[in-house]
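Scroll down for the structure; my scribbles are underneath it.
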Amino acid sequence: MRILVVGGIYKSQRKTIDGGYTIAKILGTYSNAKIDYVTQFSSNEQALTRRIKQRLDTLGVNYMDASSVSMDYGEMDAYVMNPGSNAYSLNRLRKNIRGYSCVIVSTDIDEMSVKQILAKAQNSGIPSIVFTRGEFEVSETQSREVIELTEGSYELAEQDIRDVLEASGYIGETVVEPLSQTEIIINKIKSIYVVPRLFITGVLVLILFLSTMALLNYFSERGEYPTHVNWNQSIDHPNCDTVETCAQYGDDLIDEIEDHINLLADPYVFHENRTNTNFITYDIVDGQPVDAVHHNDLPFGDEERFLSIWEMYDAIVPAAYDGAVDRFRLFSDGEGSRVAYVSISPTDTLLAVDIRDTNNRSQLYRTLIHEFAHVYSLPISDFTCASTDMSCIKDDAMLSEYMERFWTHYDENWYDNTNKPMPQREAFYNTNFSDFYIPYQATNVKEDFAVTFVQFIIRPAPVNPVQLKDIKVHSLYEREELVLMRLEMLENILALEESES
């Protein structure tokens, strides 16, 4: 008997491993069947990954089709679930799964991967079992059993999972003999022999990775990045009078906002790959969306619900930027992909938001602040061409100065990583991880500034920063305009939250 398990790996507050790993562990403990486990290992937490693989080796669970991503493992407990490495789509799902007796899936990975593997199982006539704690909805079919776990996590529901697997005939009541070290080595050799192309591909990827790292180390020469914040500079504001007191007032506003909402809270995001679809585009006249153009029917919800996104944006941006956006669009390319974007041209500025990425209010605030950062930092007047291509930005533009200050220690080949292969993008971020808060920030200087701006708005002012990512935030306090902008946006967010209470 051969069983395919597809699921995530999470850390728990109990210092144990949770998620779909629990299912693979149970099968390896109580079954002599051949178990293949597809998951996402973390290349950031190598020591923990090594321990997990050693445990799977001992249980005879094969993980040769698993992937690795440069992100920490997520966290799971009865009331907490942050995806971490499990947020990425699984890229090694087998094209042909014939030969398996059963496919067992946990819904703690991205929804698209779950649906892909379940569709393959159904098309191949293979029975499947889905264990879920309610991350998203999966329907039962004649050949698919869906088990809802009520204990809050997969590890806490271990006995329930065992009961289901035993009743289905996939495990026995007693623990099977663990593999010896010799048997583990033999299994590894067999796995490499059976899938030589995977081994060769791994070698090629390793060579590419090492070559990229070598180039990055050669071209990323570190320098000094002093900031010149005049904390005693006068500020004209009713609640503070210097940069220092205004920074503190902003921090106090964050504390007040946290009584209503945690702006740093991360939702559990799944990554889908859907065709980009525009739904409705509005003209913005005097701050109001009018003259709606309906491109396609909304897949869910209604216009009123999604127009509240524009109302939130309009409510939180500084008054000086009222009228800066000419059109507002509702679109979607799937959850967790492109959550929003701004398109700026000589004729107008378009703000577009993905309707599938608007369910979490904290994330929506950060998204709208991020997109406003683009509106602020990319005025078309700062460019000599009819676009915001950085190759034609003026020397005295704010973002040009930012790039000169914080990006010239990289080789020019790394100024825009949008279209580079994922291994190269990950290598660039991993080599310069202290320069960026998140991998996406390392895409290019535009995204770097936008993420830095979000951190500037929603986090307390950094004190004596050492890492470049914090120094960038610190440097924004050099500009009186930005100090005042931070206060206005935080005051607007607080007022909005108080009105919703």
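For the sequence shown, our numbering assigns the number -4 to the initial residue and increments by one for each residue that follows.
Backbone N, C-alpha and C define an ideal beta-carbon position, used for all residues, glycine too.
Pull up the CB-CB distance for Thr127 and Thr102, whole angstroms please, since I reckon it's below 8 Å. Walking along the sequence shown from the start, residue 127 turns up at place 132. Walking along the sequence shown from the start, residue 102 turns up at place 107. The Cβ separation is near 4 Å, so the contact holds.
Need the endpoints of the alpha helix (DSSP H) that Ala162 sits in, please. As a first step, residue 162 must be located in the sequence shown, where it is residue number 167. First-last of the alpha helix (DSSP H) with Ala162: 153 to 162.
Can you have a look at Asn412 and say buried or exposed, based on whether 16 or more other CB atoms are within 10 angstroms of its CB? What you label residue 412 is simply residue 417 of the sequence shown in a count that begins at 1. It is buried - the Cβ of Asn412 has at least 16 other Cβ atoms within 10 Å.
Considering only the alpha carbon of each residue, which of Arg139, Cys97, Leu85 lies closest to Tyr165? Taking the first residue of the sequence shown as 1, we reach residue 165 at position 170. Considering only alpha carbons, the answer is Cys97.
Separation of Val312 from Asn439, as counted between CA atoms: The residue given as residue 439 occupies position 444 in the sequence shown. The residue given as residue 312 occupies position 317 in the sequence shown. Using only the alpha carbons, I get a separation of about 24 Å.
Below 8 Å, can you find three or more Cβ-Cβ pairs linking the segment 347 to 358 to the segment 372 to 387? no
Secondary structure of Leu258, DSSP reduced to three states: For the purposes of this step, residue 258 is taken as the residue at position 263 of the sequence shown. Correct three-state label for Leu258: coil.
How would you call His223, buried or exposed, if buried means at least 16 neighbouring beta carbons within 10 angstroms? On the sequence shown, residue 223 is found 228 positions in, with the first residue counted as 1. Exposed, since its Cβ has fewer than 16 Cβ neighbours within 10 Å.
Would you check if there are 3 or more beta carbon pairs closer than 8 Å linking the segment 293 to 302 to the segment 329 to 336? With a cut-off of 8 Å, the segment 329 to 336 and the segment 293 to 302 do not count as touching, because too few Cβ pairs lie within range.
Let me know the secondary structure DSSP gives Gly245 once reduced to three states. Locating residue 245 in the sequence shown gives position 250, counting from the first residue. Looking at Gly245 - three-state DSSP - the assignment turns out to be helix.
Is DSSP giving Gly14 helix, strand or coil here? Reading the sequence shown from its first residue, position 19 is the one you call residue 14. Gly14 falls in the coil class under three-state DSSP.
From Asp105 to Gly2, what does the alpha carbon distance come to, in whole angstroms? The sequence position of residue 105 within the sequence shown is 110, counting from 1. The sequence position of residue 2 within the sequence shown is 7, counting from 1. Straight-line measurement puts the Cα of Gly2 at about 9 Å from the Cα of Asp105.
Name the residue from Gln41, Ser84, Arg46, Asn234 whose alpha carbon lies nearest to the alpha carbon of Asp67. By one-based count along the sequence shown, residue 67 stands at place 72. Checked all of Gln41, Ser84, Arg46, Asn234; the closest Cα to Asp67 is Gln41.
Would you check if the distance between the CB atom of Ala335 and the CB atom of Asp317 is smaller than 9 Å? Residue mapping note: residue 335 aligns to position 340 of the sequence shown, counting from 1. Residue mapping note: residue 317 aligns to position 322 of the sequence shown, counting from 1. Going by C-beta atoms, Ala335 is not nearer than 9 Å to Asp317.
Mark Glu132 as exposed unless 16 or more other C-beta atoms lie within 10 angstroms of its C-beta, in which case mark it buried. Numbered from its first residue, the sequence shown carries residue 132 at position 137. It counts as exposed.
Among Gln462, Tyr435, Pro457, which one has its Cα closest to the Cα of His469? Here the question's residue 469 lines up with position 474 in the sequence shown. Among Gln462, Tyr435, Pro457, the Cα nearest to that of His469 is on Pro457.
Sequence-distant residues of the same chain with beta carbon closer than 6 Å to Asp465, five excluded per side: Within the sequence shown, residue 465 is the residue found at index 470, counting from 1. Same-chain partners within the cutoff: Pro457.
Nonlocal neighbours in the same chain, by C-beta distance under 6 Å from Asp31, ignoring five residues either side: Along the sequence shown, read from residue 1 onward, the residue named residue 31 stands at position 36. Cβ within range, chain order: Leu(-1), Asn57.
Return the residue from the list Met393, Ala314, Glu239 that minimises the CA-CA distance to Pro455. The sequence position of residue 455 within the sequence shown is 460, counting from 1. Between Pro455 and the set Met393, Ala314, Glu239, the nearest pair of CA atoms involves Glu239.
Is Ile(-2) helix, strand or coil when you go by DSSP? For the purposes of this step, residue -2 is identified with residue 3 of the sequence shown, where counting begins at 1. Strand at Ile(-2).
Return the CA-CA distance between Asp246 and Phe431, expressed in angstroms with no decimal places. In the sequence shown, residue 246 corresponds to position 251, counting from 1. In the sequence shown, residue 431 corresponds to position 436, counting from 1. Cα to Cα, Asp246 sits roughly 22 Å from Phe431.
Just the C-alpha distance for Ser494 and Ala310, rounded to the nearest angstrom, thanks. In the sequence shown, counting from the first residue as 1, residue 494 sits at position 499. In the sequence shown, counting from the first residue as 1, residue 310 sits at position 315. The straight-line gap from Cα to Cα measures roughly 12 Å.
Considering Cα atoms alone, identify which of Glu473, Ile452, Val109 is closest to Leu482. Along the sequence shown, one-based indexing puts residue 482 at 487. Taking the Cα of Leu482 as reference, the smallest distance to any Cα among Glu473, Ile452, Val109 is reached at Ile452.
Can you grab the Cα-Cα spacing for the pair Val370 / Gln111, in whole Å? Along the sequence shown, read from residue 1 onward, the residue named residue 370 stands at position 375. Along the sequence shown, read from residue 1 onward, the residue named residue 111 stands at position 116. Taking the straight line joining both Cα atoms gives about 38 Å.
Using three-state DSSP, classify Asn354 as helix, strand or coil. Against the sequence shown, residue 354 aligns to sequence position 359. Here Asn354 sits in coil by DSSP.
Cutting at 7 Å between CB atoms, please list the residues of its own chain near Leu151, excluding the five before and the five after it. Locating residue 151 in the sequence shown gives position 156, counting from the first residue. Cβ within range, chain order: Ala73.
Under 9 Å between the Cβ atoms of Ser26 and Val171? Locating residue 26 in the sequence shown gives position 31, where the first residue counts as 1. Locating residue 171 in the sequence shown gives position 176, where the first residue counts as 1. Yes; because the gap between Cβ atoms is below 9 Å, this pair is in contact.
Nonlocal neighbours in the same chain, by C-beta distance under 6 Å from Glu421, ignoring five residues either side: For the purposes of this step, residue 421 is taken as the residue at position 426 of the sequence shown. Only Ser65 meet the Cβ criterion.
Ordered along the chain, which non-local residues of its own chain (more than five positions away) have a Cβ less than 8 Å from that of Arg400? Working through the sequence shown from its first residue, we reach residue 400 at position 405. Correct list, in chain order: Tyr220, Ser470.
In the DSSP assignment, the alpha helix (DSSP H) including Leu373 goes from what residue to what residue? Walking along the sequence shown from the start, residue 373 turns up at place 378. Neither: Leu373 is in no alpha helix (DSSP H) and is coded neither H nor E.
Could you give the residue range of the beta strand (DSSP E) that holds Ser303? Along the sequence shown, one-based indexing puts residue 303 at 308. Counting along the chain, no beta strand (DSSP E) covers Ser303; the unbroken alpha helix (DSSP H) around it starts and ends at 298 to 311.
Look up Ala61 in the DSSP assignment and say whether it is helix, strand or coil. Counting from 1 along the sequence shown, the entry for residue 61 is found at position 66. Here Ala61 sits in coil by DSSP.
Looking only at its own chain, which residues have a Cβ that is under 6 Å from the Cβ of Leu160, when we skip the five neighbours before and after it? Position 165 of the sequence shown, counting from 1, holds the residue named residue 160. Around Leu160: Ile166.
Quick one: Cα of Ile572 to Cα of Ala445, how far? The structure shown does not extend to residue 572, since the chain spans only -4 to 496, so no value can be given for it.
Taking C-beta to C-beta, are Asp155 and Glu168 nearer than 9 Å? Position 160 of the sequence shown, counted from the first residue, corresponds to residue 155. Position 173 of the sequence shown, counted from the first residue, corresponds to residue 168. Not in contact: Asp155 and Glu168 (Cβ atoms no closer than 9 Å).
So, using beta-carbon positions, are Lys20 and Arg46 closer together than 9 Å? Here residue 20 corresponds to residue number 25 of the sequence shown, with the count starting at 1. Here residue 46 corresponds to residue number 51 of the sequence shown, with the count starting at 1. Taking a C-beta distance under 9 Å as the contact criterion, Lys20 and Arg46 do not qualify as a contact pair.
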